[in-house]
Amino acid sequence: MRLRLCWQLGLGLALSAATVHAQEEELARQAYGLLKEACHSCHGGSGQQSGKILVLNHGNLVAARGGSELPFVMPGKPDDSLLWQYVESGYMPQSGSAQAKSFRPEHKNVLRKWIAAGAPAWKVREVEPVDDRTILKSIEAHLGTVNPNTAPHLRYFSFAHLHNNDQIGEDELRLHRAALAKAINSMSWERATVLPQPVPGTHESVFFIDLRKLGWDKPALWRKVTELHPYGLAFDEVRDETIAELAKSVKRLAGHGQQLVLRGDWFIVTATRPPLYHDLLGMPKTLSELEKDSHIHLDWKRNFVQTTPDRQLLARAGFAQSGVSKQNRLLERHELPSGGYWWISYDFKPRKARGDLIRFPLGPKFDGNPHPKFAFDHDGGELIFSLPNGLQAYLLVDAKGNRLDDFAPADVVFDRSAVSGLPAIINGLSCMNCHREGMIGFEDDVRTSDALGGEALRKIRDLYPPRDVMRKLVDQDRARFVAALDAVCGPFLKNGEDAKRSIVSFPEPVGRVAERYQTDLGPHEVALELSLSGREELKIVIRNKTELLKYGLGPLAAPAPGTIKRDKWEAIESFSLFQRVRQSLGRGEVPVN
Ligand code: HEC
Ligand code: HEC
């Protein structure tokens, strides 16, 4: 509207650079709004993936995709852009969806105009940049206010590079904070929940925790974390003397030389998977050790033998149609003496005789099992159990009950959403993403089948309760988890107009952070991770430093810029590429630890 008016007044003939810029900004803003309304919930909004496109990640849209595939959006060339082709043909928004119904020709037109204008990046927030100096200064001030006995136990998580990115909305920043809160509390055996606290002066881009409150105050434990941290930096020797002085002062106040500041997004995505997930939780190597843990105290064999309908120590459901397994699946619930629940699945490889739960529902075999003839023979299991704070922990085991450290064999269970970066299910991260409300529903088919009779049937009726009984147990457990989730994530998500939303209506935060984190980095993201002002400065820096070309950063400065893979950026060979580049820019050194 405003555009047309300009032309009619004849001003269009002499559009000043400033006007063009303002028009581009407006177009970008409109495109962002539209992609958010019409596409985001299927493309990057839910943790559920539809192709590889993340519509609100500008870098992802315009970046070269490798191989022969063109970027989703070719700036200036709508007809060559897959995004436009799909929209133009009416293929997207996907037909039948609510988004398709409210999608109008004028919406289409906005997308076309935006691409034709060079697909300018949008700016969705006013940013007051938080740079290295601000971070150090704020931490120095913060450490100055705490008890010297407390200081050594504090650790900081930075999201400054995301805060500084004006293409990322406030809602996404909030999800990162919520993800940090969920992650740390999902790896703590303490009864009280812990909220990461913002460091004053950082616009909520840096948070701190007290390791003691999570039971993480063992020096060797935190060293394991920092050894894997590819974004660790020291500033004691940098050229900028103010920064070097600040860094030394911070170290004095902290009372130790260990890495103090970790990248928040790295921590969320890395600490929630093995090995750190198991280390931080102190997860035993076998199921039987875990059962003996003082918080758990589970005697499942006794529960198997002693369960009766009026004393449901154990409750089972067996079925053939699973959301994650192609085979039969058996789920079993126990109540923990300390409160909370213990769920274990028995999973089976394909085409296995003793994997038929209708014929063999009374496994597994163990000394004292009264029905060994009808015992199944399983290949692995997945476990969910309550932590004392009401959140839950996860474990994958093989047939013998040994902890699996890499991932579940894909012929047993698999994850279509590939949140771990692979279709394989990885303990921790993958589980959190799917089990967003704790429990997922299912229905038993074993109780009502009539394959067995006599004593065995009586035992089946004891162990496999009617569906409504099981449904109540699942609902009860879900409510317990969701209440804890609300306590931990609510303070970060339920703000402003979202204050009254239910906690489960937000995207699952850890999976969402993983999704952004695993996307290839464009020049804008790389610049901000390096504490540069943006891609223009990055371009200049790359042109002036041949070293950086040697490290493979050249494509980031090309006219149609390429991307760099997260894996490559953070792979550690004595130090990471990130650290190498920082050091060569004089913006930080590799820390001793
Ligand atoms: C209701 C869900 C839904 C909505 C809304 C939706 N899409 Fe899609 N989109 C899908 C699914 C599912 C696929 C994968 C199927 C396919 O590629 O045929 C897909 C694929 C795509 C792809 C190809 C991705 C790739 O990796 O090859 C593009 C581009 C795309 N959509 C653009 C859009 C745009 C632009 C909008 C909004 C105007 C939109 N979509 C809205 C569900 C949706
Ligand atoms: C791809 C999504 C997905 C992932 C990833 C996933 N699950 Fe599940 N899980 C399900 C579904 C769906 C059910 C419901 C039963 C079924 O359909 O198999 C379920 C059920 C369970 C149950 C029974 C309790 C309940 O919620 O119904 C346990 C225990 C369990 N999963 C453990 C795990 C563990 C441990 C992990 C991580 C190693 C994990 N799951 C990862 C989808 C998933």
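The opening position of the sequence shown corresponds to residue 25 in the numbering used here, with each subsequent residue numbered one higher. Every residue gets a Cβ at the ideal spot worked out from N, C-alpha and C, and that includes glycine.
Can you give the Cα-Cα distance for G75 and S473, rounded to whole angstroms?
Looking at the two C-alpha atoms, the distance is approximately 40 Å.
Can you have a look at V44 and say buried or exposed, based on whether 16 or more other CB atoms are within 10 angstroms of its CB?
So V44 counts as exposed.
Specify the secondary structure class of V218 as computed by DSSP and reduced to three states.
Note: V218 maps to coil in three-state DSSP.
Quick one, which of R89, V79, K147, R136 has its alpha-carbon nearest R53's?
Out of R89, V79, K147, R136, K147 has the C-alpha closest to the C-alpha of R53.
Would you kindly report the start and end of the unbroken beta strand (DSSP E) that includes R611?
Looking at the DSSP string, R611 is not in any beta strand (DSSP E), and its letter there is neither H nor E.
For D195, tell me which candidate among K518, G612, K397, P224 has the shortest Cα-Cα distance.
Answer by Cα proximity: K518.
How about V140 and G83: are their beta carbons less than 8 Å apart?
Note that residue 140 is Ala in the sequence shown, not Val. For A140 and G83, no; Cβs fall outside 8 Å.
Quick one: what's E597 bridged to in DSSP?
Bridge partners of E597: F599.
Cβ of L78 versus every heavy atom of ligand 2: is any distance shorter than 7 Å?
No; taking the cut-off as 7 Å, the Cβ of L78 has no heavy atom of ligand 2 nearer than that.
Is F466 near ligand 2, with its Cβ less than 7 Å from a heavy atom?
Yes, since a heavy atom of ligand 2 falls inside the 7 Å radius drawn around the Cβ of F466.
Could you compute how far the alpha carbon of S608 sits from the alpha carbon of K316?
Using only the alpha carbons, I get a separation of about 51 Å.
Hey, G392 and K325 are a contact pair by Cβ (cut 8 Å); roughly how many whole angstroms apart?
The pair is a contact, with the Cβ atoms about 6 Å apart (cut-off 8 Å).
Cβ of G452 within 8 Å of Cβ of Y418?
Cβ distance < 8 Å, so G452 and Y418 count as in contact.
Does the structure place the segment 235-251 close enough to the segment 282-299 that three or more beta carbon pairs sit under 8 Å?
The answer is yes - the segment 235-251 touches the segment 282-299, with three or more Cβ pairs under 8 Å.
Between which two residues does the beta strand (DSSP E) containing S182 stretch?
S182 -> beta strand (DSSP E) spans 178-182.
Do G404 and ligand 2 come close, with the Cβ less than 7 Å from some heavy atom?
Result no, Cβ not under 7 Å from ligand 2.
D591: buried (16+ other C-beta within 10 angstroms of its C-beta) or exposed?
Per the 10 Å Cβ criterion, exposed.
So does the segment 301-310 actually touch the segment 413-427, counting three or more Cβ pairs closer than 8 Å?
Segments in contact, yes.
Between the Cα of Y541 and the Cα atoms of N81, Y56, L51, H64, which residue gives the shortest distance?
It is N81 whose Cα lies nearest to the Cα of Y541.
By the three-class DSSP mapping on this structure, what secondary structure does E406 have?
Here E406 sits in strand by DSSP.
List the DSSP bridge partners of W366.
H358, F409.
Where does G514 fall in DSSP's three states?
It is helical.
By the DSSP assignment, the alpha helix (DSSP H) with A205 in it spans what residues?
A205 -> alpha helix (DSSP H) spans 194-209.
Alpha helix (DSSP H) containing G24: first to last residue?
Given a span of 25 to 617 for the chain in the structure shown, any question on residue 24 remains unanswerable.
What span of residues does the beta strand (DSSP E) with A339 cover, start to end?
First-last of the beta strand (DSSP E) with A339: 338-343.
Tell me the residue span of the beta strand (DSSP E) that contains A417.
Where A417 is concerned, the enclosing beta strand (DSSP E) stretches over 416-422.
Could you have a look at R28 and say whether DSSP puts it in helix, strand or coil?
The predicted model places R28 with a pLDDT of 41, which falls under 50 and marks its position as unreliable, so this point remains unresolved.
In whole angstroms, what separates the C-alpha of L322 from that of Y365?
Distance between the alpha carbons of L322 and Y365: 11 Å.
Taking 7 Å as the cut-off, is the CB of N426 close to at least one heavy atom of ligand 2?
For ligand 2, not one heavy atom lies less than 7 Å from the Cβ of N426.
Name the DSSP bridge partner or partners of R353?
Bridge partners of R353: F343, D371.
Run through DSSP, which three-state label would L35 get?
Residue placement at L35 is flagged as unreliable, the pLDDT there being 45, under the threshold of 50; a coordinate-derived value is accordingly withheld.
If we ignore side chains and look at the alpha-carbon of each, how far apart do F328 and G342 end up?
For F328 and G342, the distance between alpha carbons rounds to 15 Å.
In three-state terms, what does DSSP make of A258?
A258 falls in the strand class under three-state DSSP.
Beta carbon of G306: closer than 7 Å to some heavy atom of ligand 2?
G306: no, Cβ never under 7 Å from ligand 2.
With a cut-off of 8 Å on the beta carbons, I'd call I382 and V470 a contact; round off their distance for me.
The pair is a contact, with the Cβ atoms about 6 Å apart (cut-off 8 Å).
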